[in-house]
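A.B. asks: Under my numbering, the residues of the first sequence are numbered 50 to 528, in order.
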Amino acid sequence: MPIKIYNSLTRKKEDFVPVREGAVTMYVCGPTVYSLSHIGHARSAVSFDVIYKYLRYKGYKVTYARNYTDVDDKIIKRANEEGVPSQELAGRYIKEFDDDMDALGVEVPTYRPKATETIKEIIEVTSKLIDKGCAYAVDGDVYYSVRKKKDYGKLSGKNIDDLEAGARVEVDERKEDPLDFALWKASKPDEPSWESPWGKGRPGWHIECSAMCMRWLGETVDIHGGGKDLIFPHHENEIAQSESATGKVPYVKYWLHNGFVNIEKEKMSKSLGNILNIRDVIKDYTSEAIRLFLLSSHYRSPIDYSKDSLREAEAAMERFYKTLQRVNTEWPETKNIDFCVHCNEGRFTEMLDAMDDDFNTAEVIGNIFKEVNKANRLMDSAKASGKHEGLLEFSYILSMFHEASEFLGIFGRTPEGYFTEKNSRASVPAEEIERLIAERNEARKNKNFKRADEIRKGLLEQGIVLEDGAKGTTWSVKG
RNA sequence: GGCGGCGUACCCAAGUGGUAAGGGAGCAGUCUGCAAAACUGCCAUUCAGCGGUUCGAAUCCGCUCGCCGCCUCCA
Numbered sequence: 050m051p052i053k054i055y056n057s058l059t060r061k062k063e064d065f066v067p068v069r070e071g072a073v074t075m076y077v078c079g080p081t082v083y084s085l086s087h088i089g090h091a092r093s094a095v096s097f098d099v100i101y102k103y104l105r106y107k108g109y110k111v112t113y114a115r116n117y118t119d120v121d122d123k124i125i126k127r128a129n130e131e132g133v134p135s136q137e138l139a140g141r142y143i144k145e146f147d148d149d150m151d152a153l154g155v156e157v158p159t160y161r162p163k164a165t166e167t168i169k170e171i172i173e174v175t176s177k178l179i180d181k182g183c184a185y186a187v188d189g190d191v192y193y194s195v196r197k198k199k200d201y202g203k204l205s206g207k208n209i210d211d212l213e214a215g216a217r218v219e220v221d222e223r224k225e226d227p228l229d230f231a232l233w234k235a236s237k238p239d240e241p242s243w244e245s246p247w248g249k250g251r252p253g254w255h256i257e258c259s260a261m262c263m264r265w266l267g268e269t270v271d272i273h274g275g276g277k278d279l280i281f282p283h284h285e286n287e288i289a290q291s292e293s294a295t296g297k298v299p300y301v302k303y304w305l306h307n308g309f310v311n312i313e314k315e316k317m318s319k320s321l322g323n324i325l326n327i328r329d330v331i332k333d334y335t336s337e338a339i340r341l342f343l344l345s346s347h348y349r350s351p352i353d354y355s356k357d358s359l360r361e362a363e364a365a366m367e368r369f370y371k372t373l374q375r376v377n378t379e380w381p382e383t384k385n386i387d388f389c390v391h392c393n394e395g396r397f398t399e400m401l402d403a404m405d406d407d408f409n410t411a412e413v414i415g416n417i418f419k420e421v422n423k424a425n426r427l428m429d430s431a432k433a434s435g436k437h438e439g440l441l442e443f444s445y446i447l448s449m450f451h452e453a454s455e456f457l458g459i460f461g462r463t464p465e466g467y468f469t470e471k472n473s474r475a476s477v478p479a480e481e482i483e484r485l486i487a488e489r490n491e492a493r494k495n496k497n498f499k500r501a502d503e504i505r506k507g508l509l510e511q512g513i514v515l516e517d518g519a520k521g522t523t524w525s526v527k528g
């Protein structure tokens, strides 16, 4: 069964057939690096990380490029405020972005091009557009002429006349049409600039993505992704430029757009002051809980960030790893399971069908938790009967977790690894907790339950939960 | 004004023609010194509302109501 992908261009789910059989080229718009990245960047990055991983999982050779916009008005403004060169500022935030991605378990794409390293190509494409009569230079600026592209607006479903009727665009007398957009901007004295046939200047925003795509992936790419807000004007303009320059249609076969992250039901925006940085979220929740939260809704739907929803995601992750921990201790013979021995048995069909259907990660997660329940049930009944029967079933379940982790990027760690990350947030030193546990168990042995409960309650007030199990007392940070 | 999307239980959420996955919360039970965790049971005769198509609709069509996004930098 082919993968089905919702294509923003046709507004339909389509069978995924890449240009070259067995290989996929994929480009995703990355961040403009002038500040720390927020949870919205995380959603886009994680969504496409999963798509990248899944396509590879399905056997495609995927070439994935995600850019950094490292020259832009906002970067220049911020750099001038701080009194540092704009490239230094951009470099700093590229590093911060990479650190955030690493913390979220987002894989490094095949290529991570920067706009400033693609100037030569940008100038070439711009020149070609002028030569073809699709663009014109005025006072060192170069504009793309939207009227020259008959199907301009095909991605966003807009037409030029409607856009002009609702004009909120500032009228620039030098432009032939108010909707014409800059391919190249003449630079002011305090701005970074490059030599060009039109004088010193710097690239416009949209052209860099076209140039980077062509350089790293070719003139037609299979998948191009980004946030929903990029549909217009950014992606619309990319299509216009690229198709005009190369004459090849389509520029992109499948356009994918992820939904927004709202904060407590409100749009995240600078003016509302509710921008939530990845850096801050990572401090309070485990990286897998954050990924689980992002992947438990479909990538195209809007999601609402709230403390409750993250707490729930963390509780679910805990349930998962607690079960895995239990399997490891109660069924040590499962350690020798050869993952993927069941791959061709049709066992994972449900899960893979869900992924094939426009990457329905939410359904996969539902399937995973059904298996978690099954594992616990098996262990309970083994405990009751005293017999370890059903090893084959465990091998199925654990293989399924392993397979899912290959493309979801969660459910793949050791329980110890997970709980170490989680418990590093403890407000009480581990040695102190261990000491209190020992004291409490001594009290319990002496039937001094008052003291035992006192210790447990005291720790709970500091966010530490104690659990008495068959193998002794364990502790964890309250979710 | 133009374009697009959404409305499923207390909350989150999957399901897009065959009779409502999953998670969280809650209640009851098993287990436990008591808890916690785990397990079991309960928790939407119904999918915003009203009509229509169909043997059959949360799913398709029409209308109404409500919410949201884009059209300006934005993931």
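Just so you know, even glycine gets a beta-carbon here, dropped at the ideal spot from N, CA and C. For clarity, every value in this text was computed on a predicted model and none was experimentally measured.
1. Counting beta carbon pairs with one atom in the region 410-419 and one in the region 339-352, are three or more of them shorter than 8 Å?
2. Quick check for students: name the residue ranges of the beta strand (DSSP E) that lie wholly in the region 158-225, counting only runs of 3 or more.
3. Let's see if you can read the secondary structure: which residues bound the alpha helix (DSSP H) around His451?
4. Using 10 angstroms around the beta-carbon of Met400, count the other beta-carbons present and answer buried if the total reaches 16, otherwise exposed.
5. Note down the Cα distance separating Asn307 from Glu337, rounded to an integer number of angstroms.
6. Please state whether the Cβ-Cβ distance between Phe369 and His451 is less than 7 Å.
7. Can you name the residues that DSSP bridges to Gly274?
8. How big is the Cα-Cα spacing for Ala128 and Lys163?
9. In the structure shown, what three-state DSSP assignment does Lys234 receive?
10. Answer with buried or exposed for Asp405, where buried requires no fewer than 16 other C-beta atoms within 10 angstroms of its C-beta.
11. Counting only the same chain and skipping the five closest in sequence on each side, list residues whose C-beta sits under 8 Å from that of Phe418.
12. Quick one: is Phe230 buried, meaning 16 or more other Cβ sit within 10 Å of its Cβ, or exposed?
13. Val477 by DSSP, collapsed to three states: which one?
14. Leaving out five residues on either side along the sequence, give the residues of the same chain with a beta carbon under 6 Å from the beta carbon of His273.
15. Beta-carbon within less than 6 Å of Ser96's beta-carbon, same chain only, minus the 5 sequence neighbours each way: which residues are those?
16. Rounded to a whole number of angstroms, what is the C-alpha to C-alpha distance between Ile446 and Tyr106?
17. Report, in whole angstroms, the separation of the C-beta atoms of Leu232 and Leu279, which I expect to be a contact under 8 Å.
18. Whose CA, out of Asp180, Ile100 and Thr59, lies closest to the CA of Ser205?
19. May I have the straight-line CA-CA distance separating Leu23 from Leu266, to the nearest angstrom?
20. Count the other CB atoms within 10 Å of the CB of Phe468; is the residue buried (16 or more) or exposed (fewer)?
21. On the DSSP bridge assignment, give the partners of Thr522 in chain order.
22. Sorted by chain position, which residues of the same chain lie with C-beta nearer than 6 Å to Thr159's C-beta, five sequence neighbours on each side aside?
23. Please classify Asp190: is it buried, with 16 or more other beta-carbons within 10 angstroms of its beta-carbon, or exposed?
24. Can you give me the C-alpha to C-alpha distance between Lys371 and Ile482, rounded to a whole angstrom?
25. Nearest to Arg484 by alpha carbon, out of Met150, Arg505 and Pro67?
26. Using a Cβ distance threshold of 8 Å, determine whether the region 207-214 contacts the region 232-247, with at least three qualifying pairs required.
27. Can you look up Ile352 in the DSSP assignment and give me helix, strand or coil?
28. Can you tell me whether DSSP reads Lys126 as helix, strand or coil?
29. Within the same chain, show all residues whose beta-carbon is closer than 7 Å to that of Lys277, passing over the 5 residues directly before and after it, in chain order.
C.D. replies: Looking at the atomic coordinates:
1. yes
2. 184-187 and 190-193
3. Taking the first sequence and counting its residues from 1, the one referred to as residue 451 is at position 402. Leu440 to Leu457 is the extent of the alpha helix (DSSP H) around His451.
4. Taking the first sequence and counting its residues from 1, the one referred to as residue 400 is at position 351. Label assigned to Met400: buried.
5. Here residue 307 corresponds to residue number 258 of the first sequence, with the count starting at 1. Here residue 337 corresponds to residue number 288 of the first sequence, with the count starting at 1. Cα to Cα, the separation comes out at about 20 Å.
6. Residue numbering aside, residue 369 sits at position 320 when the first sequence is read from its first letter. Residue numbering aside, residue 451 sits at position 402 when the first sequence is read from its first letter. No.
7. Numbered from 1 along the first sequence, position 225 holds the residue referred to as residue 274. Gly274 is bridged to Val77 and Leu305.
8. Counting from 1 along the first sequence, the entry for residue 128 is found at position 79. Counting from 1 along the first sequence, the entry for residue 163 is found at position 114. If I take the Cα positions, the gap works out to 18 Å.
9. Along the first sequence, read from residue 1 onward, the residue named residue 234 stands at position 185. Correct three-state label for Lys234: strand.
10. Residue mapping note: residue 405 aligns to position 356 of the first sequence, counting from 1. Buried, since its Cβ has 16 or more Cβ neighbours within 10 Å.
11. Residue 418 sits at position 369 when you count from the first residue of the first sequence. Counting only Cβ-Cβ distances below 8 Å, and skipping sequence neighbours, we find Ala365, Arg368 and Phe369.
12. Taking the first sequence and counting its residues from 1, one reaches residue 230 at position 181. It counts as buried.
13. Numbered from 1 along the first sequence, position 428 holds the residue referred to as residue 477. Val477: coil per DSSP, three-state reduction.
14. For this step, residue 273 is matched to residue 224 along the first sequence. Cβ neighbours of His273 beyond the five flanking positions: Tyr76, Val301 and Trp304.
15. Here the question's residue 96 lines up with position 47 in the first sequence. Hits under 6 Å: Asn307 and Tyr348.
16. Here residue 446 is taken as the residue at index 397 of the first sequence, counted from 1. Here residue 106 is taken as the residue at index 57 of the first sequence, counted from 1. Between Ile446 and Tyr106, the C-alpha separation is close to 19 Å.
17. On the first sequence, position 183 is the one that residue 232 refers to. On the first sequence, position 230 is the one that residue 279 refers to. Not quite, the Cβ-Cβ distance comes to about 18 Å (not below 8 Å), so this is no contact.
18. Position 156 of the first sequence, counting from 1, holds the residue named residue 205. Considering only alpha carbons, the answer is Thr59.
19. What is shown of the chain runs 50 to 528, which leaves residue 23 out entirely.
20. The count along the first sequence starts at 1 and reaches residue 468 at position 419. Burial call: buried.
21. Walking along the first sequence from the start, residue 522 turns up at place 473. BP columns for Thr522 point to Asp517.
22. Translated into the one-based positions of the first sequence, residue 159 becomes position 110. Cβ within range, chain order: Thr112 and Tyr113.
23. Locating residue 190 in the first sequence gives position 141, counting from the first residue. So Asp190 ends up on the buried side.
24. Indexing the first sequence from 1 puts residue 371 at position 322. Indexing the first sequence from 1 puts residue 482 at position 433. The alpha-carbon atoms of Lys371 and Ile482 are separated by roughly 20 Å.
25. The residue you call residue 484 lines up with position 435 of the first sequence. The shortest Cα separation from Arg484 among Met150, Arg505 and Pro67 belongs to Arg505.
26. no
27. Translated into the one-based positions of the first sequence, residue 352 becomes position 303. In the structure shown, Ile352 sits in a strand (DSSP, three-state: E or B).
28. The residue labelled residue 126 in the question sits at position 77 within the first sequence. Reduced to three states, the DSSP call for Lys126 is helix.
29. Reading the first sequence from its first residue, position 228 is the one you call residue 277. Within the same chain, Lys277 has close Cβ partners His306, Asn307, Gly308 and Phe309.
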